[in-house]
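There are 2 protein chains.
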Amino acid sequence: MSHTDSSEVPTLDDIRAAATRIAPLARRTPVFTSSGLDRLSGANAFFKCENFQRTGSFKIRGASNAVLSLTDEQARRGVVTHSSGNHASALACAARHRSIRADIVIPHNAPLSKRETTEAFGGIVHLCEPTMAARNAAVEALLKKTGATLVHPYDNASVIAGQGTATLELLENYPDLDIVIAPASGGGLLSGTAIAALALKPGIHVFGAEPERADDTARSFRSGRVEPVIHQDTVADGLRATTCERTLGIIRQHVTDVLTVSEEEIVATMKLLWRYLKIVIEPSAAVPFAVILRHRGRFAGRRVGVLLTGGNLDLDKLPWQT
Amino acid sequence: MSHTDSSEVPTLDDIRAAATRIAPLARRTPVFTSSGLDRLSGANAFFKCENFQRTGSFKIRGASNAVLSLTDEQARRGVVTHSSGNHASALACAARHRSIRADIVIPHNAPLSKRETTEAFGGIVHLCEPTMAARNAAVEALLKKTGATLVHPYDNASVIAGQGTATLELLENYPDLDIVIAPASGGGLLSGTAIAALALKPGIHVFGAEPERADDTARSFRSGRVEPVIHQDTVADGLRATTCERTLGIIRQHVTDVLTVSEEEIVATMKLLWRYLKIVIEPSAAVPFAVILRHRGRFAGRRVGVLLTGGNLDLDKLPWQT
Numbered sequence: 001m002s003h004t005d006s007s008e009v010p011t012l013d014d015i016r017a018a019a020t021r022i023a024p025l026a027r028r029t030p031v032f033t034s035s036g037l038d039r040l041s042g043a044n045a046f047f048k049c050e051n052f053q054r055t056g057s058f059k060i061r062g063a064s065n066a067v068l069s070l071t072d073e074q075a076r077r078g079v080v081t082h083s084s085g086n087h088a089s090a091l092a093c094a095a096r097h098r099s100i101r102a103d104i105v106i107p108h109n110a111p112l113s114k115r116e117t118t119e120a121f122g123g124i125v126h127l128c129e130p131t132m133a134a135r136n137a138a139v140e141a142l143l144k145k146t147g148a149t150l151v152h153p154y155d156n157a158s159v160i161a162g163q164g165t166a167t168l169e170l171l172e173n174y175p176d177l178d179i180v181i182a183p184a185s186g187g188g189l190l191s192g193t194a195i196a197a198l199a200l201k202p203g204i205h206v207f208g209a210e211p212e213r214a215d216d217t218a219r220s221f222r223s224g225r226v227e228p229v230i231h232q233d234t235v236a237d238g239l240r241a242t243t244c245e246r247t248l249g250i251i252r253q254h255v256t257d258v259l260t261v262s263e264e265e266i267v268a269t270m271k272l273l274w275r276y277l278k279i280v281i282e283p284s285a286a287v288p289f290a291v292i293l294r295h296r297g298r299f300a301g302r303r304v305g306v307l308l309t310g311g312n313l314d315l316d317k318l319p320w321q322t
Numbered sequence: 323m324s325h326t327d328s329s330e331v332p333t334l335d336d337i338r339a340a341a342t343r344i345a346p347l348a349r350r351t352p353v354f355t356s357s358g359l360d361r362l363s364g365a366n367a368f369f370k371c372e373n374f375q376r377t378g379s380f381k382i383r384g385a386s387n388a389v390l391s392l393t394d395e396q397a398r399r400g401v402v403t404h405s406s407g408n409h410a411s412a413l414a415c416a417a418r419h420r421s422i423r424a425d426i427v428i429p430h431n432a433p434l435s436k437r438e439t440t441e442a443f444g445g446i447v448h449l450c451e452p453t454m455a456a457r458n459a460a461v462e463a464l465l466k467k468t469g470a471t472l473v474h475p476y477d478n479a480s481v482i483a484g485q486g487t488a489t490l491e492l493l494e495n496y497p498d499l500d501i502v503i504a505p506a507s508g509g510g511l512l513s514g515t516a517i518a519a520l521a522l523k524p525g526i527h528v529f530g531a532e533p534e535r536a537d538d539t540a541r542s543f544r545s546g547r548v549e550p551v552i553h554q555d556t557v558a559d560g561l562r563a564t565t566c567e568r569t570l571g572i573i574r575q576h577v578t579d580v581l582t583v584s585e586e587e588i589v590a591t592m593k594l595l596w597r598y599l600k601i602v603i604e605p606s607a608a609v610p611f612a613v614i615l616r617h618r619g620r621f622a623g624r625r626v627g628v629l630l631t632g633g634n635l636d637l638d639k640l641p642w643q644t
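Protein sequence lines, in the order shown, are assigned to chains F and B.
First residue of the first sequence: 1, per my numbering; consecutive thereafter.
First residue of the second sequence: 323, per my numbering; consecutive thereafter.
See the structure below:
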């Protein structure tokens with residue numbers, strides 16, 4: 001499998017191979033349940049706690065699969081990426097594990113904690129304007145200078161396969177789930193989730209969850225082409241990226257629907273999850289359960305795997321504090 | 323074992339019996355580790371996550387052991403207690419499980435979330451002034467009125483035995499610990515911890531951890547008698563109770579030392595634990611690791627079991643936010 005071929009789509013075998021490859025770096029995260037939250041939602045939720053994952057998010061799965069798939073020759077020239085945060089620190093961590101250089105382009109409005117974590121793992125941070133055009137230009141310049149390999153945060157078959165390992169674990173532990181729901185941003189996690197879930201259990205339903213204010217995946221899912229992101233600010237800072245041909249193709253093939261929620265619902269749900277589960281999750285991670293609460297009819301009475309994607313945020317000011 | 327005899331001290335057998343008795347109500351909580359926190363402390367810490375316990379704290383262990391030890395005749399007349407919060411909701415939860423009435427005296431300055439949780443479990447809350455005298459007077463009045471059984475938050479052998487089950491689990495999972503450290507308030511958890519740890523592993527050291535501003539256990543440990551609590555306000559709202567003859571006797575017999583930390587250290591450590599472990603713990607739960615960081619020489623290089631006692635707090639204003 002070449003991760004540079006933009007039409008390449010990983011299979012369940014690729015996801016299984018990724019699980020073996022990343023085992024030295026990625027943790028098998030626990031799954032939490034809460035009878036209190038089940039009473040509120042009417043569903044039976046199984047929370048896959050990727051906030052406890054190394055680097056604080058699921059992103060280490062895809063990043064380490066990509067870095068560990070490089071040839072020695074490629075690895076020597078290092079890796080480059082752009083990311084609003086969690087992929088950045090994950091790639092830095094994976095690169096350090098292989099003792100190679102990682103240059104990371106981060107929009108200047110990303111949470112400070114994510115930049116600091118990237119630097120703590122030895123990643124070299126380059127700030128840019130918060131647009132896809134600015135991200136891409138900065139990455140191109142770095143690639144020219146270093147000859148490094150781009151590890152795109154989602155438009156990369158190795159990354160998608162790595163992200164799918166979370167659902168592999170979830171369905172190994174809970175094979176009788178009816179539904180799996182994951183946030184939609186660039187679509188790397190959602191497409192890896194869908195490939196793993198449908199291959200392991202053909203009758204299962206996979207849903208995408210998105211903020212109304214960053215609903216490009218929902219619109220693209222309906223129109224059938226990559227709709228431009230309308231740059232609005234959402235509290236779910238991890239979900240501001242745009243989908244791509246590859247991830248949208250997988251999502252349209254395998255995903256049942258992409259559902260959206262308001263900013264208020266995201267914040268209220270985040271607080272609810274902190275209070276009931278006693279865990280620290282970032283706003284983006286609250287979006288799937290917010291969807292379950294809002295679109296109750298789609299989930300009530302079902303056994304739902306919920307990907308809690310990460311726990312990195314600035315603790316000095318929480319979203320429910322005005 | 324009679325829980326009304328004030329000289330009664332539970333044994334390891336009592337703690338084992340409690341573990342069996344409370345199994346339908348109390349969870350076997352997970353143990354977390356963090357290489358990042360170990361680098362900061364120089365110790366090897368094993369965090370027993372009682373914040374994930376039913377009702378959000380270890381208190382369900384003692385409360386349910388006491389409630390499930392009542393005769394049917396006693397149970398019919400209900401239970402009464404006083405508590406700054408976590409024992410309150412735990413007793414209400416245990417009472418509901420046995421379908422009996424629980425009257426709870428709570429000081430009016432206890433966190434609102436703890437009162438609400440008690441009421442959510444069906445406990446009948448009676449507010450009082452935040453002094454031991456006011457607590458005791460309110461409890462006496464209720465006992466007279468209802469003929470119920472007092473389930474004291476710590477001066478009760480069944481409660482102490484129940485609290486000891488956390489350490490039973492911890493040492494079953496990690497038999498090679500050198501040290502176990504728990505917060506000191508009334509001393510129920512610390513004495514139960516000490517009995518379990520020393521009986522299971524005679525060479526182990528047990529430490530108590532206390533805020534400087536509520537250091538009555540440290541002073542009592544040194545003087546050999548129950549020193550009066552000097553009522554100062556500490557951010558560790560779960561650690562404001564005073565020790566008693568029974569718990570102090572156990573602590574002086576089994577505990578190596580009781581060490582204190584400042585308010586600033588508690589708050590900084592709490593934030594550190596949230597950030598590294600991605601878990602919600604209340605200020606009191608941060609006190610043991612704050613002790614490990616401050617009294618480094620006692621813990622560096624050792625394998626230390628740390629009781630993270632609870633995760634109940636008002637999320638609207640966090641202690642590090644001024």
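Think of the CB as a built atom: it goes at the ideal place given N, C-alpha and C, for glycine as much as any other residue.
The structure presented is a predicted model; accordingly, all values stated were derived computationally and were not measured.
query	result
Could you check whether the Cβ of B:G633 sits closer than 8 angstroms to any Cβ belonging to chain F?	yes
What residues are listed by DSSP as bridge partners for F:I279?	B:I601
For F:H126, does the three-state DSSP call read helix, strand or coil?	strand
Check the Cβ of F:A315 against every Cβ in chain B and list those closer than 8 angstroms, keeping chain order.	For the sequence presented, residue 315 of chain F should be read as Leu rather than Ala. Those are K593, W596, R597, L640, W642, listed as they occur along chain B.
Taking the alpha carbon of F:Y154 as the reference point, which residue from F:A199, F:F58, F:G123 has its own alpha carbon closest?	F:F58
Measure the Cβ-Cβ separation of B:T351 and B:Q375 and say whether it is below 8 angstroms.	yes
Between which two residues does the beta strand (DSSP E) carrying B:L522 extend?	Here B:L522 belongs to no beta strand (DSSP E); instead the alpha helix (DSSP H) covers 510 to 522.
Between B:P533, B:H419, B:A385, which lies nearest to B:H404 when the distance is taken from Cα to Cα?	B:A385
Using 8 angstroms as the Cβ pair cut-off and three pairs as the minimum, do the segment 303 to 313 of chain F and the segment 250 to 265 of chain F touch?	no
Using a Cβ-Cβ cut-off of 8 angstroms, state whether F:I279 counts as contacting chain B.	yes
Under 7 angstroms Cβ to Cβ from B:H325, same chain only, skipping five residues before and after it: list those, please.	Per-residue confidence for B:H325 stands at a pLDDT of 45, beneath the threshold of 50, marking its modelled position as unreliable; the derived number appears in the next sentence. Result list for B:H325: A388, S391, N478, A479, S480, in chain order.
With DSSP as the reference, label B:S545 as helix, strand or coil.	helix
Taking the beta strand (DSSP E) that B:V580 falls in, what are its first and last residues?	579 to 583
Report buried or exposed for F:D216, applying the criterion of at least 16 other Cβ atoms within 10 angstroms of its Cβ.	buried
Among residues of its own chain, excluding the 5 on either side of B:M592, which ones have a beta-carbon nearer than 6 angstroms to its beta-carbon?	P605, A608
F:R135 and F:P175: beta carbons closer than 8 angstroms?	no
Run through DSSP, which three-state label would F:R98 get?	coil
Taking the CB atoms as reference points, tell me whether F:V255 and F:L190 lie closer together than 8 angstroms.	yes
Please say whether F:I292 and F:A43 have beta carbons closer to each other than 8 angstroms?	yes
Does DSSP put F:F47 in a helix, a strand or coil?	strand
Under the three-state reduction of DSSP, which class applies to B:P497: helix, strand or coil?	coil
I'd like the span of the beta strand (DSSP E) that includes F:H205, first residue to last.	205 to 211
Please classify F:V131 as buried or exposed, where buried requires at least 16 neighbouring CB atoms within 10 angstroms.	Correcting the residue identity first, residue 131 of chain F is Thr in this sequence and not Val. Label assigned to F:T131: exposed.
Quick check: what's the CA-CA separation for B:L599 versus F:L239?	23 angstroms
Against F:P30, what residues of chain B qualify as contacts under a CB-to-CB distance less than 8 angstroms, listed in chain order?	P352
F:P183 by DSSP, collapsed to three states: which one?	strand
Quick check on DSSP: helix, strand or coil for B:T468?	helix
From the DSSP secondary-structure annotation, give me the bridge partner or partners of B:R361.	According to DSSP, which records beta bridges pairwise, B:R361 is partnered with nothing at all.
Would the segment 163 to 172 of chain F count as touching the segment 94 to 114 of chain F if we require 3 or more Cβ pairs under 8 angstroms?	no
Among F:R298, F:T149, F:A196, whose alpha-carbon lies nearest the alpha-carbon of F:E73?	F:T149
Beta carbons nearer than 7 angstroms to chain F: which residues of the segment 367 to 387 of chain B have them?	N373, F374, G378
Whose C-beta lies closer than 8 angstroms to the C-beta of F:T146 among residues of the same chain, with five residues either side of it excluded?	R77, G78, V80, R101, D103
Rounded to the nearest angstrom, what separates B:G407 and B:Q643 at their Cα positions?	22 angstroms
Under the three-state reduction of DSSP, which class applies to B:S329: helix, strand or coil?	coil
Within 10 angstroms of the Cβ of B:G358, are there 16 or more other Cβ atoms? Answer buried if so, exposed if not.	exposed
If the criterion is Cβ atoms closer than 8 angstroms, does the pair F:P288 and F:V235 meet it?	no
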